[in-house]
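*Asks:* Those protein sequences? They're chains A and B, same order as listed. Residue numbers for the first sequence follow the numbering used here, so the first one is 522 and each next one is one higher. Residue numbers for the second sequence follow the numbering used here, so the first one is -13 and each next one is one higher. Don't be surprised by glycine CBs; every beta carbon is placed ideally from N, CA and C. Quantities reported herein were computed from a predicted structural model and do not represent experimental measurements.
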Amino acid sequence: MTAKVLRASPLSVLVVAVVVALAIAGFFLTKNNATQQNQRLLRDQTAQAALIGSSEFGGIVSEITGLVGPAAQFSPRSLQAIVSGIASGTSGAKFTVDVFQATPLGFEAIAAGGPGPSVGGAASAELTPTLSEALSAKSAAGSISNPYVPAPIAKDADGDLRTIGFASRVSSGSNEVIYFSFSIDPYSAARTLTQNKGPFELLRLALYGSTKPDSRSLIIATTRGIPLQGSTASSEFAVGTHKWLIVGQARSPLAGSFANAAPWVILALGLFLALVLALTVEILVRRQRYANHLVAERTEALEQSLTDLRDAQEKLVRGERLSALGEMASVVGHELRNPLTAVMNSIFLLRRGMGDQPSELTVKHLDMAERETSKAAALAEDLTAFVRPRNPVMAQVDLADVVNEVIQATPPPETVDLTVEANNLTVMADRNQLAEVLTNLVTNAYQAVPDGGAVSVVARPNGSGAVIVVEDSGSGIDPEHAERLFEPFFTTKSTGTGLGLAIVRRLVEAHGGEISIENAKDHGAKVTVRLPVDGNEASDGAGGAGAESSGNRRSESERRTGDDRRGEPASSAAGSTESESTGDGK
Amino acid sequence: MSAAEVLVVDDEEDVRVSAADILRSEGYDVIEANDGVEALDLLRRHPVSVVVLDVRMPHRDGIEVLDALDEPPPVVLMSAYCLDPAERSRLGDKVDAFLKKPFEPLRLLEEVGAAARKQEEP
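#1: Identify the continuous alpha helix (DSSP H) that holds A/ASN859 and give its terminal residues.
#2: Are the C-beta of B/PRO88 and some C-beta of chain A separated by less than 7 Å?
#3: Tell me which residues of the segment 856 to 881 of chain A have at least one Cβ-Cβ distance to chain B shorter than 9 Å, keeping chain order.
#4: Using a Cβ distance threshold of 8 Å, determine whether the segment 540 to 558 of chain A contacts the segment 769 to 785 of chain A, with at least three qualifying pairs required.
#5: For B/PRO91, which residues in chain A fall below 7 Å Cβ to Cβ?
#6: Can you check whether the C-beta of B/ILE8 is within less than 7 Å of a C-beta belonging to chain A?
#7: With a threshold of 7 Å between beta-carbons, can A/ALA899 be considered close to chain B, or not?
#8: Let me confirm a value: A/GLN929 is counted as buried when at least 16 other C-beta atoms fall within 10 Å, else exposed. Which label applies?
#9: On a CA-only basis, which of A/HIS1044, A/ALA1031, A/ARG1026 is nearest A/SER1037? Give me that one, please.
#10: Within this structure, are the beta carbons of A/VAL937 and A/TYR967 separated by less than 7 Å?
#11: With a cut-off of 8 Å on the beta carbons, I'd call A/VAL948 and A/VAL991 a contact; round off their distance for me.
#12: Below 8 Å, can you find three or more Cβ-Cβ pairs linking the segment 824 to 838 of chain A to the segment 883 to 890 of chain A?
#13: Pop quiz: A/LEU726 and A/PRO734 are said to be a contact at Cβ under 8 Å. What is the actual Cβ separation, rounded to whole angstroms?
#14: Quick check on B/ARG57 - is its C-beta less than 7 Å from some C-beta in chain A?
#15: In terms of residues, what are the limits of the beta strand (DSSP E) holding A/GLN968?
#16: Give the interface partners of B/TYR14 over in chain A, defined as CB-CB distance under 9 Å, in chain order.
#17: Check the Cβ of B/ASP0 against every Cβ in chain A and list those closer than 9 Å, keeping chain order.
#18: Taking A/GLY769 as the reference, which of A/LEU871, A/VAL760, A/ALA571 has the closest Cα?
#19: Below 7 Å on C-beta distance, what does B/ALA5 contact in chain A?
#20: So, at 6 Å on beta carbons, what are the nonlocal neighbours of A/GLY1067 in its own chain, with the 5 sequence-adjacent residues on each side left out?
#21: So B/GLU(-9) and B/ASP15 are in contact, right, with Cβ under 8 Å, and what is the actual spacing, rounded?
#22: Going along the chain, which residues of its own chain have a beta-carbon closer than 6 Å to the beta-carbon of B/PRO33, five neighbours each way excluded?
#23: Could you say which of A/GLU654, A/ALA817, A/LEU728 lies nearest to A/ARG683 if we only look at CA atoms?
#24: If contacts are defined as beta-carbon pairs under 8 Å, then A/ALA901 and A/LEU870 qualify, I think. What distance do you get, rounded to the angstrom?
#25: Mind reading off the beta-carbon distance from A/GLY641 to A/ALA630? Whole number of angstroms is fine, and I expect it under 8 Å.
#26: Would a check of beta-carbon distances place B/SER35 closer than 7 Å to chain A?
#27: Tell me whether A/ALA759 is buried or exposed, calling it buried when 16 or more other Cβ atoms sit within 10 Å of its Cβ.
#28: Looking at the strands, I want to know which residues DSSP matches up with A/GLY686.
#29: Using a cut-off of 7 Å between C-beta atoms, extract the partners of B/ALA66 located in chain A.
#30: What residue range does the alpha helix (DSSP H) around A/THR649 cover?
#31: Express the C-alpha separation of A/VAL988 and A/ARG1005 in angstroms, rounding to a whole number.
#32: Assuming A/GLY637 is part of the beta strand (DSSP E), what are its boundary residues?
#33: Does any residue of chain B bring its CB to less than 7 Å from the CB of A/ALA1094?
#34: For A/VAL1048, which beta-bridge partners are listed by DSSP?
#35: Between A/ILE1024 and A/ALA1031, what straight-line distance do the alpha-carbon atoms span, to the nearest angstrom?
#36: For A/GLU835, which residues in the same chain have their Cβ closer than 8 Å to its Cβ, ignoring the five residues on either side in sequence?
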């Protein structure tokens, strides 16, 4: 039950899935947008940094270029004076200005200023390739275009300083190279490099003296985490003949805070919306489900009451039909009696008057008339018995006694194998009516096995009451007819009044009991009569004022009622009716 | 034994005539009445030994006939209907026998014979 309550409906799950999917899609779209915006800004800022770098280093190069032209005019001595002047005139020991002359043995300093080789000293092995490159650099005759190449960048002794040098032929065609270098701390140089706060404040930057961001060529970095990890942008610019590279990385997202927050806002709103929608859908679905449940429940109740109504109506119809039938049966039953009396009288007189030697035909037909009259009389009896209200006169009755009496009075035909099993059980009943019921059922059972068979009568206690079961080995009943068999005039055979079981049911119900008929397990019909021990419902069930004397009641109940279900009344039953129905105490 | 006189009263002609004929065939002297009024009229003028009296009849029924007679002769009642026990006990001695229709003709002879003997005895 709990699990069922907790289980979400598929619809709300679907809604949640769709909305969450949309939220996630929105999240990634805006996130991507923000990333692109960040990337674009990063590129812009990096390019700006490159521009700044380009102009700064370009400035240095211009200054050096300004020195080269005049330097070509001077002798090594005067050159030395200039170099010394420059070296001391700039920021002191950090700057080096040397002029080297190419000799077959290498480069020899012909003028020197600042730290580095002194005049007459050879260029270091590290510097030699740079100087050779400057000497062999293409240049138009007499001009000094592209005169500088960067010196190898190496760590200084303190590990932090780096040297940047620029070399150039002094003049076109000469074998002299001027070399200018200075040392910078790559991690603090960025701040002194420019006063422009823009890119340097926003970005982590790394400046490389080549187009490859390798640590060997790193010149300046604004952070120690080099090379920069993650999302970066790079921009190249030229310093002299060499291309340099600047790589930037945003210190924090460059796009506006909304652009960066938007994806998260969208995601959060989406999830919230999903929750709200899911709850709403779930509530609606459950409401719908509940409504359906109510409808189903009420439909069921309605169907039940419809069934009840139909049953009640059927009962009513049955009751009305029974009442109409009863009225007719009463009239017919009584109206038959006068003609029957007259006919019986006439037959009697005819027999008396036919003399000693009546013709065979006369006797045959008088017999036939008498027989048929008896049958008609039996029918009249049945009709009257069916209609007449009969209050059972209750007394303690031993069930076994009654069963045995009935079997004795109504013995089975020779072909019938009868089994009787009756417990000595005291019930409250009208002895005569109980006997009538049993006689009727036993007679029916006999007639159900016209060609011989088995009949069993069992009477035993059942809960607080008693049950009597009469079973036969005949062909059984059509289950469809089970209930109708108790209706008056319903018979499955052509002869028979169809009243026997109707009367039996009336009597049983007058005792507060029940009767049912069904097919026995293997074969034949099985009639079950259930009687309460006290029979206290009896007086309610019978109704009507007893319209006959007790004497007549006795004779009625001893009469053997004809069959209703199997067919014609046994001839003995008819005979009995004829003789007993007149019985009356004086 | 002189023939006893029997009055048969029934509005059903065939029943009345056949019953009367049976009684006649047994030697009774039978007179017939068609209803209660006629029966009372006959009885006042002509006492009989036994009355065979139907209960349900037009004009005056069998019970009314009995009520109208202070000292009726022995009566054999016959009827297609059962007799109300209360009615029966009220009538008491006035009824000697009750025959429910249809009855065996021999029963009629028996009851009428018994009633006739009872009438002769005192």
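*Replies:* Judging by the given coordinates:
#1: DSSP places A/ASN859 in the uninterrupted alpha helix (DSSP H) bounded by 778 to 874.
#2: Yes - at least one Cβ of chain A is within 7 Å of the one on B/PRO88.
#3: Of all residues in the segment 856 to 881 of chain A, those with a C-beta nearer than 9 Å to a C-beta of chain B are GLU856, LEU857, ARG858, ASN859, PRO860, LEU861, THR862, ALA863, VAL864, MET865, ASN866, SER867, ILE868, PHE869, LEU870, ARG873, GLY874, reading in chain order.
#4: A contact exists between the segment 540 to 558 of chain A and the segment 769 to 785 of chain A.
#5: Per Cβ cutoff of 7 Å: MET865, ASN866, PHE869.
#6: At a cut-off of 7 Å between beta carbons, B/ILE8 contacts chain A.
#7: Residue-level contact by beta carbon fails for A/ALA899 and chain B, as no gap is shorter than 7 Å.
#8: Taking all protein chains in view, the Cβ of A/GLN929 is surrounded by fewer than 16 other Cβ atoms within 10 Å, so the residue is classified as exposed.
#9: The option with the nearest alpha carbon to A/SER1037 is A/ARG1026.
#10: Yes, the pair counts as a contact, with Cβ atoms nearer than the cut-off.
#11: Not really, about 16 Å apart at Cβ, beyond 8 Å.
#12: The answer is no - the segment 883 to 890 of chain A does not touch the segment 824 to 838 of chain A, with fewer than three Cβ pairs under 8 Å.
#13: Contact between A/LEU726 and A/PRO734 is ruled out by a C-beta separation of about 11 Å, above the 8 Å threshold.
#14: The question names Arg, yet the displayed sequence has Glu at residue 57 of chain B. Not closer than 7 Å to any Cβ of chain A, the Cβ of B/GLU57 fails to qualify, so no.
#15: For A/GLN968, no beta strand (DSSP E) run applies; the uninterrupted alpha helix (DSSP H) run containing it begins and ends at 952 to 969, by DSSP.
#16: In chain order: nothing, as chain A lies at least about 14 Å away.
#17: Correct list: ASN859, PRO860, THR862, ALA863, VAL864, ASN866, SER867.
#18: For A/GLY769, the closest C-alpha among the options A/LEU871, A/VAL760, A/ALA571 is that of A/ALA571.
#19: For B/ALA5, the residues of chain A that pass the 7 Å Cβ criterion are ASN866, in the order they occur in the chain.
#20: Summary for A/GLY1067: the model assigns pLDDT 36, below 50, so the residue's position carries little reliability; its value from the coordinates is reported in the next sentence. Closer than 6 Å at Cβ, skipping near neighbours: ASN912.
#21: Right, their Cβ atoms sit about 5 Å apart.
#22: Cβ neighbours of B/PRO33 beyond the five flanking positions: none.
#23: The candidate whose alpha carbon is nearest that of A/ARG683 is A/LEU728.
#24: With a Cβ gap of about 21 Å, A/ALA901 and A/LEU870 do not count as contacting.
#25: Between the beta-carbon of A/GLY641 and that of A/ALA630 there is about 6 Å, and that keeps the pair under the 8 Å contact cut.
#26: It does not; no Cβ of chain A falls within 7 Å.
#27: The residue is exposed, with fewer than 16 neighbouring Cβ atoms inside 10 Å.
#28: A/GLY686 is bridged by DSSP to A/SER702.
#29: Those within 7 Å of B/ALA66 in chain A are HIS855, ARG858, ASN859.
#30: Secondary structure note for A/THR649: its alpha helix (DSSP H) is the uninterrupted segment 649 to 657.
#31: Cα to Cα, A/ARG1005 sits roughly 22 Å from A/VAL988.
#32: For A/GLY637, no beta strand (DSSP E) encloses it, and the DSSP letter there is neither H nor E.
#33: Low confidence applies to A/ALA1094: its pLDDT is 36, below 50, so where it sits in the model is not reliable, and the reading given next is rough at best. For A/ALA1094, the closest Cβ of chain B is not nearer than 7 Å.
#34: Answer is A/VAL991, A/ILE1038.
#35: One Cα belongs to A/ILE1024, the other to A/ALA1031, and the distance between them is close to 10 Å.
#36: The same chain holds no residue with a CB closer than 8 Å to that of A/GLU835 once the five nearest residues on each side in sequence are set aside.
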